[in-house]
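These protein sequences, in sequence, are chains D and A.
Residues in the first sequence are numbered consecutively from 1, following my numbering.
Residues in the second sequence are numbered consecutively from 120, following my numbering.
Accompanying notes for the structure given below.
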Amino acid sequence: DVKVTQSSRYLVKRTGEKVFLECVQDMDHENMFWYRQDPGLGLRLIYFSYDVKMKEKGDIPEGYSVSREKKERFSLILESASTNQTSMYLCASSMPFVRTSVNSYNEQFFGPGTRLTVL
Amino acid sequence: AQSVAQPEDQVNVAEGNPLTVKCTYSVSGNPYLFWYVQYPNRGLQFLLKYITGDNLVKGSYGFEAEFNKSQTSFHLKKPSALVSDSALYFCAVRGLTGGGNKLTFGTGTQLKVEL
């Protein structure tokens, strides 16, 4: 079974702190994703990465950055945490989409989430 | 841009009755559609996907979904609901940006199955 782990289940930080959320997957997946989940808004993509050192902005990248130095690890960084970044953060991974194969679109596997509170 | 709508915030069903959780989508090109479930304090779990082929897709835990191209819908169904099916359900559609790797999720539907 694919396992995606996140460094913390619950985290409390103060406004202005630098926050690191870590995600590790053990299935050698090329793709990794960071989402935030808020009631009534569903999941919104912050950033994703399709290879080591590669990253692409999602729908709501403002206030966030990411790092992918190793294939299995994808970090989300809040440079200066703010109260509006209080949320549930979910990491996911998947195999890559192969354009030559119509059946190759692979589902994403999610970690348990980190509930971040910024005071 | 692609989008997904889940018109019901909550669906209540009696145990043993059939359940339907609705999803409609908008996307350019062929739709790749997914359903995920989230149990309390857990991450999302994959239920099923439609890529091509048969319009009725079968997935985990007895769930199935019916793809309807003319109505741009992908409703999740189960013939007989269980109390343990109570959870938050998300529909998602593959996007064309980001090399085709991106999913766009709906806002979620809370399913409550009561005795």
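Virtual Cβ for every residue (Gly too), placed ideally from N, Cα, C.
Between Gln25 of chain D and Thr114 of chain D, the C-beta spacing is not below 8 Å. For Asp28 of chain D, no beta strand (DSSP E) run applies, since DSSP gives it neither H nor E.
Here Leu207 of chain A has Gln157, Gly227 and Gln229 as same chain residues with Cβ atoms under 6 Å from its own Cβ, once five neighbours each way along the sequence are excluded. The DSSP-derived three-state label of Val202 of chain A is helix. Rounded to whole angstroms, Val118 of chain D and Thr15 of chain D show a C-alpha spacing of 6 Å. With a threshold of 8 Å between beta carbons, Phe74 of chain D makes no contact with chain A. Going by DSSP, Ser189 of chain A is part of no beta strand (DSSP E) at all; its letter is neither H nor E. Under the Cβ criterion (8 Å, minimum of three pairs), the segment 34–49 of chain D does not count as touching the segment 139–154 of chain A.
The C-beta of Leu222 of chain A comes closer than 8 Å to at least one C-beta of chain D.
Within chain A, no C-beta atom comes nearer than 7 Å to that of Pro61 of chain D; the closest sits roughly 12 Å away.
Leaving aside the five residues that flank Val130 of chain A on each side, the residues in its chain whose CB is nearer than 8 Å to its CB run, in chain order, Leu138, Thr139, Val140, Thr228, Gln229, Leu230 and Lys231. Within the same chain, His29, Asn31, Asn106, Glu107, Gln108 and Phe109 come within 7 Å of Ser94 of chain D by CB-CB distance, once the 5 residues on both sides are set aside.
In the three-state reduction of the DSSP assignment, Tyr89 of chain D falls in the strand class.
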